[in-house]
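Trainee: Supplied in structure tokens, the structure appears directly below.
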Amino acid sequence: MVAAQPKRSPLHATHEALGARFMEFAGWLMPLQYTGVIEEHLAVRMAAGLFDVSHMGRLEIRGRDALALIQKVTCNDAARLRDHQVQYSALTTERGTFVDDLTVYRFREDHFLLCVNAANREKDARWIREHREGEEAEVYDISDHLAQLALQGPAASEILQPLTDVQLDHIRFYWFEHGEVAGVSCLISRTGYTGEDGFELYVPVASVEWVWNRLLDAGQAAGLKPCGLAARNTLRLEARMLLYGHDMDETTTVWEADLGWIVKLEKGDFIGRDALRRQKEEGVQRKLIGFEVHDRTPARTGYPVLIRGRIVGEVTSGSYAPFLRKNIGLTYLPIEHTTVGTRFQIRVREREVEAEVVPTPFYKRPR
Amino acid sequence: MATYPEDCLYTREHEWIRVEDDTGVIGITDYAQEALGDIVYVELPSVGDHFSQGEPFGNVESVKAVSELYMPVSGEILEINEDLAESPQLVNEDPYGDGWMVKIALSDPTELETLMSASEYEAYVREEKEK
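In order, the protein sequences belong to chains L and F. Per our numbering, residue 1 is the first one in the first sequence, and the count goes up by one each step. Per our numbering, residue 1001 is the first one in the second sequence, and the count goes up by one each step.
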């Protein structure tokens, strides 16, 4: 089999000129880092960072029954959304496990945008189409027409405001507006994957380089830095935001991933509802927890997790946390071992290091 | 641009050694630290430990990855760089200076002949990059 060439962002040449180092992620060649992961991570916590997240999948759902279709395939209650509101949700299987996690954007009752994981874009579109039974709604993959930028950090608003007429302080967290940024018509969404305040901009591909450069210029004085996927990963982990394919997938249920807050059993029927209701009544056998390592060695993704000498799983996400300056991670533990303060071990090469269940998110931004 | 000091000898695993009389100071090269990215922990052996040429003597952990450290030549650990415990980023900032890792007593100085000179190592890195 000949390996497919990874896809490139419309900003690829711009990243090269900025000296980015690239990595392959979900079939895309994306910036791993520019100057260094720690510097970029701290810029987002203290000032702001600009990420190219064009690899994300963008699916549009249009038609009279768009809401009904979304209600059927997701576990959160999309009927609670008002126009221009965003919701974190999941596409669930009959078993209550994850087809994907996603954000649902409502334009109108007959028009939604789903932002999904890069690796799952085709799978999700197929899944939604397959589960359409008479609903009058179409699924359009518009990923290739739009680029996506994330401007994240406490200075995001002050950097973006001079470039747009949209009153940013009127956009609440998890809401969005249409508007021009540097003269380019964009969707401005107050969302992100870093644990900070900030915006995601959906920009026409042809204009994204212009918008990217205007943002970098506008943010220079405030300390804005271009940031790669390495910092995106450590930032989301500190904020305990899950990564599909690592922290959850088609083998883990939404309850097990400790995302019960996005399960709305009372909203009406949806795929996976019976399984999730049953598991709620019976209780879960295991749960995703956050841990801190009592050692200088990072406990990395895939390292075996032990309780009293027995392997019970592996680290699903683990890293040095640049802002907290600790080694943290996520793993599934048997439910009787998930109380905060519980000690367990992680095998790091030939050693076993001590870890402890801690409250999450590890990092919460000051408000 | 990576640098290659003339007073060091180099391994294929990107360690350097600077020899004075029968002792050698060991670290990782500029190329290695740049490839690893931000270093957050360096696991070093204890003073008095013995290692053979090519044997792993520690680990260097960056945010992204972990990498083993290999002995350029056989010897006994005389000293470790204690500053790296609190400031592992010294390896990024000054890989051939303050970012040194261990000082050893060489048990067989003839092993030095198997290592690369600065110009040989530079050519080797160029090849690695083209792969």
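Each residue gets a CB set at the ideal place from its N, CA and C atoms; glycine is no exception. Just so we're clear, the structure is a prediction, and the values are computed from it rather than from any experiment.
On a Cα-Cα basis, can you pick out the residue from L:G283, L:H246 and L:R277 that is closest to Y303 of chain L?
Mentor: Taking the first residue of the first sequence as 1, we reach residue 303 of chain L at position 303. For Y303 of chain L, the nearest C-alpha among the options comes from L:H246.
Trainee: Just curious, the alpha helix (DSSP H) that D1083 of chain F is in, first and last residue?
Mentor: Working through the second sequence from its first residue, we reach residue 1083 of chain F at position 83. Looking at the DSSP string, the run of the alpha helix (DSSP H) that includes D1083 of chain F is D1083 to E1086.
Trainee: Give a single yes or no on whether F362 of chain L has its beta carbon closer than 7 Å to a heavy atom of the ligand NAP.
Mentor: Among the ligands in the structure shown, none appear at all, so the ligand NAP cannot be discussed.
Trainee: Let me know the secondary structure DSSP gives A17 of chain L once reduced to three states.
Mentor: Reading the first sequence from its first residue, position 17 is the one you call residue 17 of chain L. It is helical.
Trainee: Y1010 of chain F: which of F:V1125, F:K1131 and F:K1129 sits nearest, CA to CA?
Mentor: As a working mapping, residue 1010 of chain F is identified with position 10 in the second sequence. Of F:V1125, F:K1131 and F:K1129, the residue nearest in Cα terms is F:V1125.
Trainee: Which of the three DSSP states, helix, strand or coil, is assigned to M56 of chain L?
Mentor: Residue numbering aside, residue 56 of chain L sits at position 56 when the first sequence is read from its first letter. Of the three classes helix, strand and coil, the one that applies to M56 of chain L here is coil, per DSSP.
Trainee: Could you have a look at P1005 of chain F and say whether DSSP puts it in helix, strand or coil?
Mentor: Here the question's residue 1005 of chain F lines up with position 5 in the second sequence. DSSP places P1005 of chain F in coil when its eight states are reduced to three.
Trainee: Counting only Cβ pairs nearer than 7 Å, list the residues of chain F close to G36 of chain L.
Mentor: By one-based count along the first sequence, residue 36 of chain L stands at place 36. Near G36 of chain L (Cβ distances below 7 Å), the residues of chain F are G1037 and D1038.
Trainee: Smallest Cα separation from T339 of chain L: which of L:V208, L:T360 and L:F107?
Mentor: Position 339 of the first sequence, counting from 1, holds the residue named residue 339 of chain L. Of the candidates L:V208, L:T360 and L:F107, the one whose C-alpha sits nearest the C-alpha of T339 of chain L is L:T360.
Trainee: Just checking, does the stretch 318–336 of chain L make contact with the stretch 283–299 of chain L on the three C-beta pairs under 8 Å criterion?
Mentor: Short answer: they touch.
Trainee: Just how far apart, CA to CA, sit E16 of chain L and H178 of chain L?
Mentor: Along the first sequence, read from residue 1 onward, the residue named residue 16 of chain L stands at position 16. Along the first sequence, read from residue 1 onward, the residue named residue 178 of chain L stands at position 178. The alpha-carbon atoms of E16 of chain L and H178 of chain L are separated by roughly 30 Å.
Trainee: Indicate the three-state DSSP secondary structure (helix, strand or coil) for D124 of chain L in the structure shown.
Mentor: Your numbering for residue 124 of chain L matches position 124 in the first sequence. Three-state result, D124 of chain L: helix.
Trainee: Going by beta-carbon coordinates alone, are L1069 of chain F and G1054 of chain F separated by less than 8 Å?
Mentor: Translated into positions along the second sequence, residue 1069 of chain F becomes position 69. Translated into positions along the second sequence, residue 1054 of chain F becomes position 54. No, the pair does not count as a contact, with Cβ atoms beyond the cut-off.
Trainee: Among L:G219, L:D274 and L:Y174, which residue has its Cα nearest to the Cα of D83 of chain L?
Mentor: The sequence position of residue 83 of chain L within the first sequence is 83, counting from 1. Here the closest residue by C-alpha is L:Y174.
Trainee: How about V353 of chain L and T297 of chain L: are their beta carbons less than 8 Å apart?
Mentor: By 1-based counting over the first sequence, the position of residue 353 of chain L is 353. By 1-based counting over the first sequence, the position of residue 297 of chain L is 297. Yes.
Trainee: Comparing alpha-carbon positions, which option in L:A257, L:E281 and L:L306 lies nearest D101 of chain L?
Mentor: Start at 1 with the first residue of the first sequence, and residue 101 of chain L comes out as number 101. The shortest C-alpha separation from D101 of chain L is found at L:A257.
Trainee: Can a CB atom of chain L be found closer than 8 Å to the CB of K1129 of chain F?
Mentor: As a first step, residue 1129 of chain F is located in the second sequence; it is residue number 129 there, counting from the start. Cβ-Cβ to chain L under 8 Å: no for K1129 of chain F.
Trainee: Taking a contact to mean a Cβ-Cβ separation below 8 Å, would you say S189 of chain L touches V86 of chain L in this structure?
Mentor: Indexing the first sequence from 1 puts residue 189 of chain L at position 189. Indexing the first sequence from 1 puts residue 86 of chain L at position 86. In contact: S189 of chain L and V86 of chain L (Cβ atoms closer than 8 Å).
Trainee: Starting from L160 of chain L, trace the alpha helix (DSSP H) both ways and give me its first and last residue.
Mentor: One-based indexing of the first sequence puts residue 160 of chain L at position 160. That run of the alpha helix (DSSP H) goes A156 to L160.
Trainee: Please report the distance separating the alpha-carbon of E1128 of chain F from that of A1118 of chain F.
Mentor: For the purposes of this step, residue 1128 of chain F is taken as the residue at position 128 of the second sequence. For the purposes of this step, residue 1118 of chain F is taken as the residue at position 118 of the second sequence. Taking the straight line joining both Cα atoms gives about 15 Å.
Trainee: Which class does T1110 of chain F belong to by DSSP, given the choice of helix, strand or coil?
Mentor: If you number the second sequence from 1, residue 1110 of chain F lands on position 110. It is helical.
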